[in-house]
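Position 68, counted from 1, in the sequence shown is what this note's numbering calls 74; the numbers after and before it change by one each time, with no gaps.
For every residue, glycine included, the Cβ atom is placed at its ideal position computed from N, Cα and C.
Read through the structure below, which is laid out as C-alpha coordinates, and then see the notes.
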Amino acid sequence: MQRTQRPLLARLAGANPTSVFLLTLVVVLVAFFTPGVIGGLLTLALAGVLIALLATTWAVQAPQTRLIRLVMLTLLVTVGLAKLL
(Lines of atoms letter the chains of each structure in order from A and count residues from 1; the text may use other names and numbers.)
(Lines give C-alpha, C1' and ligand atoms only; values in the text may rest on other atoms or scores of the structure.)
Protein backbone atom coordinates (compact mmCIF):
# COMPACT_ATOMS: atom_id res chain seq x y z
CA MET A 1 0.00 0.00 0.00
CA GLN A 2 1.30 3.43 -0.90
CA ARG A 3 1.69 6.09 1.74
CA THR A 4 -0.91 8.33 0.07
CA GLN A 5 -3.48 5.55 -0.29
CA ARG A 6 -6.30 5.35 2.25
CA PRO A 7 -6.82 2.01 4.03
CA LEU A 8 -10.50 1.85 2.99
CA LEU A 9 -9.61 2.38 -0.66
CA ALA A 10 -6.96 -0.33 -0.43
CA ARG A 11 -9.55 -2.75 0.98
CA LEU A 12 -12.01 -1.83 -1.77
CA ALA A 13 -9.36 -2.33 -4.44
CA GLY A 14 -8.75 -5.84 -3.15
CA ALA A 15 -12.43 -6.79 -3.02
CA ASN A 16 -13.88 -9.39 -5.38
CA PRO A 17 -15.57 -7.41 -8.20
CA THR A 18 -18.37 -9.95 -8.57
CA SER A 19 -19.23 -9.76 -4.88
CA VAL A 20 -19.20 -5.96 -4.94
CA PHE A 21 -21.46 -5.93 -8.01
CA LEU A 22 -23.95 -8.38 -6.49
CA LEU A 23 -24.04 -6.53 -3.16
CA THR A 24 -24.62 -3.22 -4.95
CA LEU A 25 -27.34 -4.79 -7.09
CA VAL A 26 -29.13 -6.09 -4.00
CA VAL A 27 -28.95 -2.68 -2.29
CA VAL A 28 -30.27 -0.90 -5.40
CA LEU A 29 -33.14 -3.35 -5.86
CA VAL A 30 -34.13 -3.16 -2.19
CA ALA A 31 -33.98 0.65 -2.31
CA PHE A 32 -36.07 0.86 -5.48
CA PHE A 33 -38.73 -1.65 -4.45
CA THR A 34 -39.09 -0.61 -0.81
CA PRO A 35 -41.99 1.83 -0.71
CA GLY A 36 -42.13 5.20 0.96
CA VAL A 37 -39.63 6.93 3.17
CA ILE A 38 -37.42 3.91 3.81
CA GLY A 39 -36.88 3.33 0.09
CA GLY A 40 -36.18 7.02 -0.43
CA LEU A 41 -33.65 7.11 2.40
CA LEU A 42 -31.91 3.97 1.09
CA THR A 43 -31.74 5.52 -2.37
CA LEU A 44 -30.31 8.76 -0.99
CA ALA A 45 -27.81 6.80 1.13
CA LEU A 46 -26.69 4.99 -2.01
CA ALA A 47 -26.35 8.37 -3.74
CA GLY A 48 -24.20 9.58 -0.82
CA VAL A 49 -21.83 6.64 -1.23
CA LEU A 50 -21.63 7.34 -4.95
CA ILE A 51 -20.87 11.01 -4.26
CA ALA A 52 -17.96 9.94 -2.06
CA LEU A 53 -16.65 7.60 -4.77
CA LEU A 54 -17.12 10.26 -7.43
CA ALA A 55 -15.19 12.81 -5.38
CA THR A 56 -12.38 10.32 -4.77
CA THR A 57 -11.97 9.32 -8.42
CA TRP A 58 -12.77 12.67 -10.05
CA ALA A 59 -9.17 13.53 -10.97
CA VAL A 60 -8.52 10.32 -12.90
CA GLN A 61 -11.77 10.17 -14.90
CA ALA A 62 -12.20 11.36 -18.46
CA PRO A 63 -14.64 14.26 -19.00
CA GLN A 64 -17.15 11.97 -20.73
CA THR A 65 -17.11 9.58 -17.79
CA ARG A 66 -17.59 12.47 -15.37
CA LEU A 67 -20.63 13.66 -17.30
CA ILE A 68 -22.22 10.19 -17.37
CA ARG A 69 -21.63 9.73 -13.65
CA LEU A 70 -23.10 13.14 -12.84
CA VAL A 71 -26.21 12.41 -14.92
CA MET A 72 -26.69 9.03 -13.25
CA LEU A 73 -26.15 10.56 -9.82
CA THR A 74 -28.70 13.27 -10.58
CA LEU A 75 -31.23 10.64 -11.63
CA LEU A 76 -30.59 8.62 -8.48
CA VAL A 77 -31.05 11.66 -6.22
CA THR A 78 -34.22 12.60 -8.13
CA VAL A 79 -35.66 9.10 -7.62
CA GLY A 80 -34.73 9.20 -3.94
CA LEU A 81 -36.39 12.58 -3.41
CA ALA A 82 -39.47 11.49 -5.36
CA LYS A 83 -39.81 8.43 -3.15
CA LEU A 84 -39.65 10.64 -0.06
CA LEU A 85 -42.58 12.73 -1.27
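Check, Outcome
"Residue 31 in three-state terms, based on DSSP", "helix"
"Residue 45 beta carbon less than 8 Å from that of residue 51", "no"
"Best match in 23, 48 and 16 for proximity to residue 35 [C-alpha to C-alpha]", "48"
"Contacting residues, own chain, Cβ-Cβ under 8 Å from residue 19 (five flanking each side not counted)", "none"
"Chain-order list of residues whose beta-carbon lies under 6 Å from that of residue 1 (same chain, five-residue window excluded)", "Since the displayed the chain opens at 7 and closes at 91, residue 1 lies outside it and no answer follows."
"Three-way DSSP call (helix, strand, coil) for residue 69 in this model", "helix"
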